[in-house]
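Asker:
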Amino acid sequence: MATDIDEIDRRLLAELQRDGTLSVDQLSERVALSRNACWRRVKRLEEDGVITGRVALVDADKLGLGLSVFILVRTSNHDPDWLQKFRAAVTGFAEITGVYRMSGDLDYV
Numbered sequence: 200m201a202t203d204i205d206e207i208d209r210r211l212l213a214e215l216q217r218d219g220t221l222s223v224d225q226l227s228e229r230v231a232l233s234r235n236a237c238w239r240r241v242k243r244l245e246e247d248g249v250i251t252g253r254v255a256l257v258d259a260d261k262l263g264l265g266l267s268v269f270i271l272v273r274t275s276n277h278d279p280d281w282l283q284k285f286r287a288a289v290t291g292f293a294e295i296t297g298v299y300r301m302s303g304d305l306d307y308v
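For the sequence shown, this note's numbering gives the first residue as 200, with consecutive numbering after it.
1) In whole angstroms, what is the alpha-carbon distance linking E228 and M200?
2) Got a sec? Which residues, its chain only, sit under 8 Å from R253 by beta carbon, not counting five neighbours each side?
3) Name the DSSP bridge partner or partners of V272?
4) Spell out the partners DSSP gives R300 in its beta bridges.
5) With a 10 Å radius around its C-beta and 16 neighbouring C-beta atoms as the bar for buried, classify V230 as buried or exposed.
6) Quick check: what's the CA-CA separation for N276 versus I250?
7) For D247 and A287, what's the separation of their Cα atoms in angstroms?
8) When the Cα of M269 is compared with those of T296, V223 and L282, which residue comes out closest?
9) Given V289, which residues of its chain have a CB within under 6 Å of its CB, disregarding the five upstream and five downstream residues?
Shown next as structure tokens:
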């Protein structure tokens, strides 16, 4: 179910997407809202599942992992058992950072 958000919520979300480490004070200043009102809105967005977490962006080059590779997967088997085995196989590799189910000619990227 979609959550109703207004322009202030959109501005809060845009600022947090730019920098998830902003304090409530910094965030409230950027969106011209009181600290308490800002905190309440962020809390509501978290409780409603709009904000699902905050992450640290890592410079892959600094870790010697500067190469990104996309693998395209086609399969003729689409049953739940195969999907469970596929999921188990790919989650066993720390190097795999995401798998996406596709529609159309490709099944997974």
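Backbone N, C-alpha and C define an ideal beta-carbon position, used for all residues, glycine too.
Answerer: Reading off the structure:
1) Stepping through the sequence shown from its first residue, residue 228 is reached at position 29. Stepping through the sequence shown from its first residue, residue 200 is reached at position 1. Rounded to whole angstroms, E228 to M200 spans 31 Å at the Cα level.
2) Along the sequence shown, read from residue 1 onward, the residue named residue 253 stands at position 54. Here the set comprises L215, G219 and T220.
3) In the sequence shown, counting from the first residue as 1, residue 272 sits at position 73. Partner(s): Y307.
4) Translated into positions along the sequence shown, residue 300 becomes position 101. Answer is Y307.
5) Taking the first residue of the sequence shown as position 1, residue 230 is located at position 31. Answer is buried; the Cβ neighbour count reaches 16.
6) Position 77 of the sequence shown, counted from the start, is the residue given in the question as residue 276. Position 51 of the sequence shown, counted from the start, is the residue given in the question as residue 250. Taking the straight line joining both Cα atoms gives about 35 Å.
7) Walking along the sequence shown from the start, residue 247 turns up at place 48. Walking along the sequence shown from the start, residue 287 turns up at place 88. In a straight line, the C-alpha of D247 is about 30 Å away from that of A287.
8) Reading the sequence shown from its first residue, position 70 is the one you call residue 269. As written in the sequence, residue 269 is Phe, which differs from the Met given in the question. If you compare the alpha carbons of T296, V223 and L282 with that of F269, the shortest gap goes to T296.
9) Indexing the sequence shown from 1 puts residue 289 at position 90. Cβ neighbours of V289 within its own chain (closer than 6 Å, five residues either side excluded): I295 and V298.
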